[in-house]
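Trainee: Mind having a look at this structure? Questions to follow.
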Amino acid sequence: MASSLVVPVIDVQNDNLKELWPAMVIAIKSSSFVAVDTELSGLGNRKSLLAQCIEERYKAICHAARSRSILSLGISCYKKVENKAADTYLVQVYNITLLCSEEYIIEPQSVQFLVQHGFDFNKQYAHGIPYWKGNNKGGSDDRGVHIRALFTELLRARKPLVLHNGLIDMAFLYQSFYAHLPDRLATFTADLSDMFPAGIYDTKYVTEFELRLTASYLEYAYKKCKLDNSRSVTSGGVEPHVHIEFCQYGGQMSRYVDYRPCPAVAPPEGQTNICQRFSAFGWCPNGTECPSSHDTDLIILQDEKSSGDKRKKRKRQREKKKGGGKAPDASSIFDGAPENKIPHMEVDPAETPGEQQGAEPLNDKDGNSEQNEEETTRRDGDGNGACDSATTATTSDDMNTTADTKEGEESKTKEEEREKPSDPSPSQSNNHNKNTDTGTHRAGFDAFMTGYIFAYSCSQFKKGRVGAVEGKVQQQKEEEEEEALLPSCLNKVYLSGKAAPLNVVKSTFSKSSKAHVQKMETVWGDRV
Numbered sequence: 002m003a004s005s006l007v008v009p010v011i012d013v014q015n016d017n018l019k020e021l022w023p024a025m026v027i028a029i030k031s032s033s034f035v036a037v038d039t040e041l042s043g044l045g046n047r048k049s050l051l052a053q054c055i056e057e058r059y060k061a062i063c064h065a066a067r068s069r070s071i072l073s074l075g076i077s078c079y080k081k082v083e084n085k086a087a088d089t090y091l092v093q094v095y096n097i098t099l100l101c102s103e104e105y106i107i108e109p110q111s112v113q114f115l116v117q118h119g120f121d122f123n124k125q126y127a128h129g130i131p132y133w134k135g136n137n138k139g140g141s142d143d144r145g146v147h148i149r150a151l152f153t154e155l156l157r158a159r160k161p162l163v164l165h166n167g168l169i170d171m172a173f174l175y176q177s178f179y180a181h182l183p184d185r186l187a188t189f190t191a192d193l194s195d196m197f198p199a200g201i202y203d204t205k206y207v208t209e210f211e212l213r214l215t216a217s218y219l220e221y222a223y224k225k226c227k228l229d230n231s232r233s234v235t236s237g238g239v240e241p242h243v244h245i246e247f248c249q250y251g252g253q254m255s256r257y258v259d260y261r262p263c264p265a266v267a268p269p270e271g272q273t274n275i276c277q278r279f280s281a282f283g284w285c286p287n288g289t290e291c292p293s294s295h296d297t298d299l300i301i302l303q304d305e306k307s308s309g310d311k312r313k314k315r316k317r318q319r320e321k322k323k324g325g326g327k328a329p330d331a332s333s334i335f336d337g338a339p340e341n342k343i344p345h346m347e348v349d350p351a352e353t354p355g356e357q358q359g360a361e362p363l364n365d366k367d368g369n370s371e372q373n374e375e376e377t378t379r380r381d382g383d384g385n386g387a388c389d390s391a392t393t394a395t396t397s398d399d400m401n402t403t404a405d406t407k408e409g410e411e412s413k414t415k416e417e418e419r420e421k422p423s424d425p426s427p428s429q430s431n432n433h434n435k436n437t438d439t440g441t442h443r444a445g446f447d448a449f450m451t452g453y454i455f456a457y458s459c460s461q462f463k464k465g466r467v468g469a470v471e472g473k474v475q476q477q478k479e480e481e482e483e484e485a486l487l488p489s490c491l492n493k494v495y496l497s498g499k500a501a502p503l504n505v506v507k508s509t510f511s512k513s514s515k516a517h518v519q520k521m522e523t524v525w526g527d528r529v
């Protein structure tokens, strides 16, 4: 079975940004790819966000990005380590607390959801890093120590960008740290193709169309990939697999580190009755009041047990279609929304009669729900991590390769890490009903999970090529690294409820926005 993992996450806020800045910039510039996630103050009405017309959907997302704000930003930098067995990555994770300096909407259901998952609004208002949205307002985005300058460093680094169900995240990043969003989707994708020349990867698309997992919400996909990777390691074979290393933080830096335990998948004790809605979507309208289990470990193990059983998929599809009558249930209502953003989406009371009784409020987080059998979930966790030249701690899935012992923390029960607050009390570990949604829900750890899924997927892509290249002259390192970055998923962003992804390309019929052209000239010195 998979070994436990403890992820060090660096908490970045206004009073330590200057101190942490050099390490963050180095981590971004030296990375092989960067995974990103956001926590939002809301998203607005889900009907508009999930419109069948993609252009209309984009307009709704633009409205949300212009009127709401990013509360926290997660950045996880994965650096491929050379001369080590397997695909070894040195990972640095940052959880950046932000405070928009303009007026913005914050929705009650989002507040409640985030508070239930450990988000500290007192800390945000006291120590959040201020920022202005849209086009430059007096300052320079290419100089100084502020979040817009950090985003500029990310663009200058020209690294692959990895997100999970990332259309909404990208729109918020653009509006918050780059420029005013263009009115047309084609212009937006044209700008993105210039901004990230190394490519954009969406792990939601990867899990749906490449790995083809039974479910694709973030926590499920991460735990399933970690479990399969561990099995590959412990089998003793030569198949490609992933090893993860972290820095050891001492001295002043240790004050900012939050160690996030991520225990191995294991059979649960006690309750085994799975909530079918949560199993399919990673979200349940009954929240903590649900009598069935929301334990992702149990869901994964039962999915594996019934592998190949088509009835499970059909059952999930029926569950998602239940809302066709007068009173659609929450599953069908949010079908096609981004898993972790469902709690941030507003629902018209008329659309969901009686549905929200006993359900936790829905926050507008990621506004994209999936339309495959295993869609929307929230991302639990938190994160922070940074590392310049500190000693590293290997925490791979191979139980024998943990060079940096945090295993005592990892031995905590699965229930605590995933769904309980960051400081779980002993009594909580005895709770067999693992559907409490009070675990920390932070952008940093979500970014780490997103990056892990991508790293694992790259190793699987390499595995598929082993037979083809065996016996041939080994290609140069640069070519191998390029090939490892999933060419079949390059610049394909998952679209909820659609069979085809959004292609992030500049077409012959679209031009870059004026604001973007200006940024390219002033920040990069390039002309589009």
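Residue numbering for the sequence shown follows our numbering, beginning at 2 and increasing consecutively.
Backbone N, C-alpha and C define an ideal beta-carbon position, used for all residues, glycine too.
What are the residues that DSSP puts in a beta bridge with Gly75?
Mentor: Against the sequence shown, residue 75 aligns to sequence position 74. Bridge partners of Gly75: Asp38, Asn96.
Trainee: Using beta-carbon positions only, say whether Phe210 and Phe178 come within less than 7 angstroms of one another.
Mentor: By 1-based counting over the sequence shown, the position of residue 210 is 209. By 1-based counting over the sequence shown, the position of residue 178 is 177. Result no, Cβ atoms of Phe210 and Phe178 do not sit closer than 7 angstroms.
Trainee: Which value, in whole angstroms, describes the spacing of the CA atoms of Ser458 and Lys225?
Mentor: As a first step, residue 458 is located in the sequence shown; it is residue number 457 there, counting from the start. As a first step, residue 225 is located in the sequence shown; it is residue number 224 there, counting from the start. Roughly 12 angstroms between the two C-alpha positions.
Trainee: Buried or exposed for Glu40, please, with buried defined as at least 16 other CB atoms from any protein chain shown within 10 angstroms of its CB.
Mentor: As a first step, residue 40 is located in the sequence shown; it is residue number 39 there, counting from the start. Glu40 should be labelled buried.
Trainee: Would the beta-carbon of Asp304 fall within 7 angstroms of that of Thr208?
Mentor: Taking the first residue of the sequence shown as position 1, residue 304 is located at position 303. Taking the first residue of the sequence shown as position 1, residue 208 is located at position 207. In this structure, Thr208 does not lie closer than 7 angstroms to Asp304 by Cβ.
Trainee: With DSSP collapsed to three states, give me the class of Ile106.
Mentor: On the sequence shown, residue 106 is found 105 positions in, with the first residue counted as 1. Three-state result, Ile106: coil.
Trainee: Under the DSSP definition of a beta bridge, which residues are partnered with Pro268?
Mentor: Against the sequence shown, residue 268 aligns to sequence position 267. Note: Pro268 sits in no beta bridge, so no partner.
Trainee: Compute the beta-carbon to beta-carbon distance between Pro1 and Tyr495, rounded to the nearest angstrom, for a pair I have assumed lies under 8 angstroms.
Mentor: The structure shown does not extend to residue 1, since the chain is modelled only from 2 through 529, so no value can be given for it.
Trainee: Helix or strand or just coil, what does DSSP make of Phe178?
Mentor: For this step, residue 178 is matched to residue 177 along the sequence shown. Three-state DSSP puts Phe178 in a helix.
Trainee: Beta-carbon within less than 6 angstroms of Ser280's beta-carbon, same chain only, minus the 5 sequence neighbours each way: which residues are those?
Mentor: Translated into positions along the sequence shown, residue 280 becomes position 279. Cβ neighbours of Ser280 beyond the five flanking positions: Ile300.
Trainee: Should Val7 be labelled buried (16 or more other beta-carbon atoms within 10 Å of its own) or exposed?
Mentor: Counting from 1 along the sequence shown, the entry for residue 7 is found at position 6. Buried.
Trainee: Taking its Cβ as the centre, do 16 or more other Cβ atoms sit within 10 Å of Gly145, making it buried, or is it exposed?
Mentor: In the sequence shown, counting from the first residue as 1, residue 145 sits at position 144. So Gly145 ends up on the exposed side.
Trainee: Measure the C-alpha to C-alpha separation of Lys30 and Pro161 and round it to an integer number of angstroms.
Mentor: As a working mapping, residue 30 is identified with position 29 in the sequence shown. As a working mapping, residue 161 is identified with position 160 in the sequence shown. Their Cα atoms are separated by approximately 11 angstroms.
Trainee: Taking all protein chains shown into account, decide if Asp438 is buried (16 or more other Cβ within 10 angstroms of its Cβ) or exposed.
Mentor: Start at 1 with the first residue of the sequence shown, and residue 438 comes out as number 437. At Asp438, the pLDDT of 40 sits below 50, so the modelled position is not reliable; the number obtained from the coordinates is stated separately. Classification of Asp438: buried, given that the 10 Å Cβ count is 16 or more.
Trainee: Could you give the first and the last residue of the continuous alpha helix (DSSP H) run that contains Asp195?
Mentor: As a working mapping, residue 195 is identified with position 194 in the sequence shown. Start and end: 186-196.
Trainee: Whole angstroms are fine: how far does the CA of Val266 sit from the CA of Leu228?
Mentor: In the sequence shown, residue 228 corresponds to position 227, counting from 1. In the sequence shown, residue 266 corresponds to position 265, counting from 1. For Leu228 and Val266, the distance between alpha carbons rounds to 7 angstroms.
Trainee: If distances are taken between C-alpha atoms only, which option among Ala86, Ser111, Ala180, Ala150 comes closest to Ala243?
Mentor: Translated into positions along the sequence shown, residue 243 becomes position 242. Ala is not the amino acid found at residue 243; the sequence shown has Val there. The residue with the shortest Cα to Cα distance from Val243 is Ala86.
Trainee: Based on Cα-Cα distance, which residue from Asp447, Arg69, Gly135 lies nearest to Ser111?
Mentor: Here the question's residue 111 lines up with position 110 in the sequence shown. Ser111 has its Cα closest to that of Arg69, out of Asp447, Arg69, Gly135.
Trainee: Is the beta carbon of Ser514 sitting closer than 7 angstroms to the one on Pro23?
Mentor: In the sequence shown, counting from the first residue as 1, residue 514 sits at position 513. In the sequence shown, counting from the first residue as 1, residue 23 sits at position 22. It is not a contact, given that the beta carbons lie outside the stated cut-off.
Trainee: Classify Asn96: buried if its beta carbon has 16 or more other beta carbons within 10 angstroms, exposed otherwise.
Mentor: As a working mapping, residue 96 is identified with position 95 in the sequence shown. The residue in question, Asn96, is buried, as its Cβ has 16 or more Cβ neighbours within 10 Å.
Trainee: Do you know how far the Cα of Met196 is from the Cα of Val518?
Mentor: Translated into the one-based positions of the sequence shown, residue 518 becomes position 517. Translated into the one-based positions of the sequence shown, residue 196 becomes position 195. Looking at the two C-alpha atoms, the distance is approximately 11 angstroms.
Trainee: Hey, how far is the Cα of Ala516 from the Cα of Ile169?
Mentor: Here residue 516 refers to the residue found at position 515 when the sequence shown is read from its first residue. Here residue 169 refers to the residue found at position 168 when the sequence shown is read from its first residue. Whole-angstrom Cα-Cα distance: 20 angstroms.
Trainee: Quick test of your reading: Gln93 and Cys263, contact by CB under 8 angstroms. State the CB separation rounded to the nearest angstrom.
Mentor: Sequence index remark: in the sequence shown, residue 93 carries index 92 (1-based). Sequence index remark: in the sequence shown, residue 263 carries index 262 (1-based). Gln93 to Cys263, Cβ: 16 angstroms. No contact.
Trainee: May I ask you to report which of helix, strand or coil DSSP gives Phe152?
Mentor: By 1-based counting over the sequence shown, the position of residue 152 is 151. Looking at Phe152 - three-state DSSP - the assignment turns out to be helix.
Trainee: Which two residues bound the contiguous alpha helix (DSSP H) that contains Val518?
Mentor: Your numbering for residue 518 matches position 517 in the sequence shown. First-last of the alpha helix (DSSP H) with Val518: 515-520.
Trainee: Going by DSSP, what residue range makes up the beta strand (DSSP E) through Cys263?
Mentor: By one-based count along the sequence shown, residue 263 stands at place 262. Per DSSP, Cys263 belongs to the beta strand (DSSP E) from 258-263.
Trainee: Could you tell me the distance, in whole angstroms, from the CA atom of Leu18 to the CA atom of Thr297?
Mentor: Within the sequence shown, residue 18 is the residue found at index 17, counting from 1. Within the sequence shown, residue 297 is the residue found at index 296, counting from 1. Cα to Cα, the separation comes out at about 35 angstroms.
Trainee: Classify Arg159: buried if its beta carbon has 16 or more other beta carbons within 10 angstroms, exposed otherwise.
Mentor: Within the sequence shown, the letter at position 158 stands for residue 159. Looking at its Cβ environment, which holds fewer than 16 other Cβ atoms inside 10 Å, Arg159 is exposed.
Trainee: Out of Arg157, Glu103, Thr235, Leu155, which one is the CA nearest neighbour of Pro131?
Mentor: If you number the sequence shown from 1, residue 131 lands on position 130. Comparing Cα positions, the closest option is Glu103.
Trainee: If you count every other CB in all the chains shown that lies within 10 Å of the CB of Asn123, and 16 or more means buried, which is it?
Mentor: Reading the sequence shown from its first residue, position 122 is the one you call residue 123. Asn123 comes out exposed.
Trainee: From the DSSP output, read off the bridge partner residues of Ser294.
Mentor: Residue numbering aside, residue 294 sits at position 293 when the sequence shown is read from its first letter. Paired residue(s): Ile275.
Trainee: Any idea which residues DSSP pairs Thr523 with across the strands?
Mentor: Here residue 523 refers to the residue found at position 522 when the sequence shown is read from its first residue. Answer by DSSP bridge pairing: none, since Thr523 is not bridged.
Trainee: Near Lys512, which residues of its chain fall below 8 angstroms by C-beta distance, leaving aside the five closest residues on each side in sequence?
Mentor: The residue you call residue 512 lines up with position 511 of the sequence shown. So the qualifying residues of the chain are Thr188, Ala191.
Trainee: For the alpha helix (DSSP H) holding Ala239, just list the boundary residues, first then last.
Mentor: If you number the sequence shown from 1, residue 239 lands on position 238. Here the sequence assigns Val to residue 239, which means Ala is not the residue at that position. No alpha helix (DSSP H) contains Val239, which DSSP labels as neither H nor E.
Trainee: Leu50 by DSSP, collapsed to three states: which one?
Mentor: Here residue 50 is taken as the residue at index 49 of the sequence shown, counted from 1. Leu50 falls in the helix class under three-state DSSP.
Trainee: Using the Cβ count rule (16 or more neighbours within 10 Å means buried), how would you classify Ser307?
Mentor: To locate residue 307, count along the sequence shown from 1; it is residue 306. Exposed, because fewer than 16 other Cβ atoms sit within 10 Å of the Cβ of Ser307.
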